[in-house]
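First comes the structure, then the notes that go with it.
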Amino acid sequence: MRTKALILSDIRFQFRYGFYSLYAVFTLLYIGLLFVLPDAWRNDAAAIMIFTDPAAMGLFFMGAIVLFEKNERVLDSIAVSPVGAWEYVLSKLVSIGLISALVALLIGLGAGVIRAPLTFLVSVFLCSCLFSAMGLIVACKIKTLNQFIVATVPLELLTVVPAILWMFWWKADVLVLHPGVSMLMACSGRGAQPLALLSLLAWTALLYFLAVKTVKKMLLSVGGIKL
Amino acid sequence: MITVKDLVFSYTEKPFIETMNFSVRDGEIFGFLGPSGAGKSTLQKLLTGLLPRYGGSVTVDGTEAKRAGKEFYQNIGVDFEFPSLYEKLTGRENLRFFASLYRRHRDIDALLKAIGLHMDADKKVSEYSKGMKSRLNFIKALLHSPKLLFLDEPTNGLDPSNARVMKDMILQEKAEGKTVILTTHNMYDATELCDHVSFIVDGAIAALDTPKALMTKKRAVQLTYTFESPDGGLEERSVPLTQTGGDATLRQLIGDGKLASIHSAEPTLNDVFVEITGRRLQ
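Residue numbers (our numbering), protein chains in the order written: chain B, 9 to 235; chain C, 68 to 349.
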């Protein structure tokens with residue numbers, strides 16, 4: 009019940025801060041762009057677009073979301089409430105995951121590139137949770153948006169570059185163990201599918217637990233100590 | 068409700084709170100009174116489980132504060148010194164959200180009305196004045212009807228009429244059997260509201276008693292009188308109320324009917340604080 013309330017509140021918060029309006033515009037732009045591209049490119053372009061934007065929106069926006077909460081001192085009240093760190097993280101990941109999945113679905117349907125809708129939605133949702141968990145871990149440790157941007161660039165490069173390399177040039181099977189590659193495999197429906205989803209699930213679970221640990225420390229730091 | 072035994076705590080290598088002991092009974096209003104930086108907010112954080120690395124024992128409602136879990140937080144409400152609210156949400160939306168985090172909660176409209184925010188409940192918090200945010204923050208702490216309420220400078224920045232409403236609500240909480248920990252540097256609030264006050268200076272308790280006992284024990288009530296001096300001006304003298312019989316001038320002036328004015332004055336909590344600690348509260 010409390011987790012549901014947290015998720016609904018996060019969705020409302022994201023709506024108020026214009027995430028939904030922003031992504032409504034982006035979705036139309038992406039669909040338009042996909043129709044400008046040659047047919048042969050559309051599948052790969054759609055997969056890369058979804059992987060690098062709607063699925064990764066948590067990595068871009070988690071800094072702003074957590075900084076708002078830090079600046080408005082809402083975390084003080086969360087720290088002395090029955091909300092556990094796991095619920096806080098779950099709420100952030102699920103609320104962003106839902107927009108990611110919705111936007112990706114619209115882009116995929118608009119461009120006509122979705123073959124297995126359920127697998128596609130699950131893949132995008134997990135990708136989003138993984139990126140959001142990364143963003144949340146960084147957001148807990150920073151004080152300004154500039155710090156967040158600087159700290160997330162290496163993470164983006166480490167995640168996205170190997171995935172792009174896999175898609176176009178380097179098809180080594182072992183790359184399915186890389187989080188970025190497993191994400192792009194799952195979103196594009198290419199490569200060893202069950203293994204990609206399994207790898208993605210394992211990375212998401214690992215990052216979720218790391219995010220919970222980091223949030224616990226952040227909530228305790230409301231007391232004024234660094235642990 | 069609260070028992071603190073041999074509490075030791077520090078943010079750094081240097082000790083901040085050293086061997087502190089006190090207890091708070093169920094249903095009382097207990098005040099931490101002291102200047103900024105004295106350790107009042109640190110004590111509140113220790114009691115609310117936000118600073119788990121302490122020595123000694125801090126038992127709150129039967130739970131050791133460093134092991135505070137979800138159940139512990141169902142029963143405490145904290146009004147922080149600074150508003151802790153979503154600025155983009157309305158006052159009512161903020162209360163609805165925080166209420167949803169607890170098993171039980173009070174009627175939101177009744178609370179808004181009691182604190183005088185019912186007409187502004189649907190405005191975004193970013194449009195609220197400082198005082199309105201403080202009042203909303205206060206009722207947010209009461210939302211889930213906690214057994215133990217921590218209030219950190221609750222009347223800070225409020226005009227006298229809104230401060231009065233808030234103080235009446237605090238007294239109402241006490242009447243309902245709630246325990247209240249009031250952290251303040253406002254001696255008037257402490258005198259009026261608290262059953263016991265503890266003077267906190269440099270992380271230590273300098274004195275702990277009822278406000279009345281502190282004000283009467285430490286410094287005698289003074290009688291001040293004025294009369295016309297030989298040079299034609301007004302002269303003022305003070306004498307402890309218990310020693311008026313020994314003041315020959317006063318006896319003479321009363322006998323001659325030449326007193327210009329006479330009044331007694333109890334020392335304020337601030338006077339007593341200065342006397343005990345050598346510091347000023349405000």
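C-beta atoms are modelled at their ideal positions from N, C-alpha and C, and glycine is treated no differently. Model, not experiment: these values are computed from the prediction.
Where residue 156 (chain C) meets chain B, residues with beta-carbon distance less than 9 Å: Position 89 of the second sequence, counted from the first residue, corresponds to residue 156 (chain C). Those are 17, 20, 21 and 24, listed as they occur along chain B.
8 Å Cβ cut-off: residues of chain B touching residue 195 (chain C): Taking the second sequence and counting its residues from 1, one reaches residue 195 (chain C) at position 128. The premise fails here: residue 195 (chain C) is roughly 12 Å from chain B at the closest Cβ pair, so nothing lies under 8 Å.
Could you check where the alpha helix (DSSP H) with residue 137 (chain C) kicks off and where it finishes? Start at 1 with the first residue of the second sequence, and residue 137 (chain C) comes out as number 70. Residue 137 (chain C) -> alpha helix (DSSP H) spans 137 to 141.
Determine the DSSP secondary structure at residue 235 (chain B), reduced to helix, strand or coil. As a position in the first sequence, residue 235 (chain B) is number 227, starting the count at 1. No answer about residue 235 (chain B) holds up, because its pLDDT of 39 lies below 50 and its placement is not dependable.
Assuming residue 166 (chain B) and residue 212 (chain B) make a contact with CB atoms under 8 Å, what is their CB distance in whole Å? In the first sequence, the residue the question calls residue 166 (chain B) occupies position 158. In the first sequence, the residue the question calls residue 212 (chain B) occupies position 204. Residue 166 (chain B) to residue 212 (chain B), Cβ: 16 Å. No contact.
Contact under 8 Å by Cβ, residue 198 (chain C) with residue 225 (chain C): On the second sequence, position 131 is the one that residue 198 (chain C) refers to. On the second sequence, position 158 is the one that residue 225 (chain C) refers to. Yes, the Cβ-Cβ distance between residue 198 (chain C) and residue 225 (chain C) is below 8 Å.
Which residues does DSSP list as the beta-bridge partners of residue 218 (chain C)? Within the second sequence, the letter at position 151 stands for residue 218 (chain C). Answer is C:146 and C:249, bridged to residue 218 (chain C).
Is residue 74 (chain C) helix, strand or coil when you go by DSSP? Within the second sequence, the letter at position 7 stands for residue 74 (chain C). Strand.
Which word fits residue 308 (chain C), buried or exposed, when buried means at least 16 other C-beta atoms lie within 10 angstroms of its C-beta? For the purposes of this step, residue 308 (chain C) is taken as residue 241 along the second sequence, with counting starting at 1. When all chains shown are included, residue 308 (chain C) counts as exposed.
Contact list for the region 81 to 105 of chain B against chain C, Cβ threshold 7 Å: 81, 82, 84, 85, 87, 88, 89, 90, 91 and 92
Who are the Cβ neighbours of residue 227 (chain B) in its own chain at under 7 Å, not counting the five residues just before and after it? On the first sequence, position 219 is the one that residue 227 (chain B) refers to. Answer for residue 227 (chain B): 83, 86, 87 and 93, listed in chain order.
Helix, strand or coil at residue 343 (chain C) according to DSSP, with G and I counted as helix: The count along the second sequence starts at 1 and reaches residue 343 (chain C) at position 276. Three-state result, residue 343 (chain C): helix.
Within chain B, partners of residue 152 (chain C) - CB distance below 9 Å: Along the second sequence, read from residue 1 onward, the residue named residue 152 (chain C) stands at position 85. Here the neighbours are 80, 81, 82 and 85.
Can you list, in chain order, the stretches of the beta strand (DSSP E) that have 3 or more residues and sit fully within the region 307 to 332 of chain C? 326 to 332
Would you tell me roughly how many angstroms separate the C-alpha atoms of residue 264 (chain C) and residue 85 (chain C), rounded to the nearest one? Within the second sequence, the letter at position 197 stands for residue 264 (chain C). Within the second sequence, the letter at position 18 stands for residue 85 (chain C). Their backbone Cα atoms lie some 19 Å apart in a straight line.
Going along chain C, which residues have a C-beta under 8 Å from residue 198 (chain B)? As a working mapping, residue 198 (chain B) is identified with position 190 in the first sequence. Here the premise fails: no neighbours, minimum Cβ distance about 41 Å.
Using a C-beta to C-beta distance shorter than 9 Å, which residues of chain B count as neighbours of residue 143 (chain C)? Looking up residue 143 (chain C) in the second sequence gives position 76. Those within 9 Å of residue 143 (chain C) in chain B are 88.
Cutoff 8 Å: residue 233 (chain B) Cβ touching any chain C Cβ: What you label residue 233 (chain B) is simply residue 225 of the first sequence in a count that begins at 1. Summary for residue 233 (chain B): the model assigns pLDDT 48, below 50, so the residue's position carries little reliability; its value from the coordinates is reported in the next sentence. Yes, residue 233 (chain B) counts as interfacial toward chain C.
Beta-carbon proximity check, residue 93 (chain C) vs residue 246 (chain C), cutoff 8 Å: For this step, residue 93 (chain C) is matched to residue 26 along the second sequence. For this step, residue 246 (chain C) is matched to residue 179 along the second sequence. Yes; because the gap between Cβ atoms is below 8 Å, this pair is in contact.
Hey, is residue 121 (chain C)'s beta-carbon within less than 8 Å of any beta-carbon in chain D? Absent from the structure: chain D. Protein chains present are B and C.
Which bits of chain C does residue 13 (chain B) rub up against, with CB to CB less than 8 Å? Stepping through the first sequence from its first residue, residue 13 (chain B) is reached at position 5. Within chain C, the residues near residue 13 (chain B) are 164, 167 and 168.
With DSSP collapsed to three states, give me the class of residue 191 (chain C). Taking the first residue of the second sequence as position 1, residue 191 (chain C) is located at position 124. The answer is strand: DSSP assigns residue 191 (chain C) an E or B state.
Beta-carbon proximity of residue 162 (chain C) to residue 191 (chain C), cut-off 8 Å: Indexing the second sequence from 1 puts residue 162 (chain C) at position 95. Indexing the second sequence from 1 puts residue 191 (chain C) at position 124. Contact: no.
CB-CB length for residue 81 (chain C) against residue 150 (chain C), believed under 8 Å: One-based indexing of the second sequence puts residue 81 (chain C) at position 14. One-based indexing of the second sequence puts residue 150 (chain C) at position 83. About 31 Å; that fails the 8 Å criterion.
Inter-residue Cα distance where the pair is residue 219 (chain C) and residue 73 (chain B): Looking up residue 219 (chain C) in the second sequence gives position 152. Looking up residue 73 (chain B) in the first sequence gives position 65. The straight-line gap from Cα to Cα measures roughly 27 Å.
Using the three-state DSSP reduction, which class does residue 276 (chain C) fall into: helix, strand or coil? Taking the second sequence and counting its residues from 1, one reaches residue 276 (chain C) at position 209. In the structure shown, residue 276 (chain C) sits in a strand (DSSP, three-state: E or B).
Excluding five sequence neighbours on each side, which residues of the same chain lie with their C-beta closer than 7 Å to the C-beta of residue 55 (chain B)? Along the first sequence, read from residue 1 onward, the residue named residue 55 (chain B) stands at position 47. Hits under 7 Å: 192, 195 and 196.
Kindly confirm or deny that the region 117 to 128 of chain B and the region 47 to 67 of chain B touch, where touching means at least three C-beta pairs closer than 8 Å. yes
Taking the DSSP output, what are the residues bridged to residue 271 (chain C)? As a working note, residue 271 (chain C) is residue 204 in the second sequence. Bridge partners of residue 271 (chain C): C:268.
Can you check whether the C-beta of residue 228 (chain B) is within less than 8 Å of a C-beta belonging to chain C? Translated into positions along the first sequence, residue 228 (chain B) becomes position 220. Output row for residue 228 (chain B): interface = yes.
Contact check, residue 283 (chain C) vs residue 305 (chain C), beta carbons under 8 Å: The residue given as residue 283 (chain C) occupies position 216 in the second sequence. The residue given as residue 305 (chain C) occupies position 238 in the second sequence. No; because the gap between Cβ atoms is not below 8 Å, this pair is not in contact.
Do the CB positions of residue 157 (chain B) and residue 35 (chain B) come within less than 8 Å of each other? Walking along the first sequence from the start, residue 157 (chain B) turns up at place 149. Walking along the first sequence from the start, residue 35 (chain B) turns up at place 27. Not closer than 8 Å, so no.
Quick one: using the 10 Å Cβ neighbour count with 16 as the cut-off for buried, is residue 302 (chain C) buried or exposed? Locating residue 302 (chain C) in the second sequence gives position 235, where the first residue counts as 1. Flag for residue 302 (chain C) reads exposed.
If you measure beta-carbon to beta-carbon, which residues of the region 124 to 141 of chain C are closer than 8 Å to chain B? 137, 138, 140 and 141
Ends of the beta strand (DSSP E) at residue 96 (chain C)? Counting from one through the second sequence, the residue named residue 96 (chain C) turns up at place 29. Start and end: 96 to 100.
Amino acids of chain B, ordered along the chain, whose beta-carbon sits closer than 8 Å to that of residue 115 (chain C): For the purposes of this step, residue 115 (chain C) is taken as residue 48 along the second sequence, with counting starting at 1. Those within 8 Å of residue 115 (chain C) in chain B are 88.
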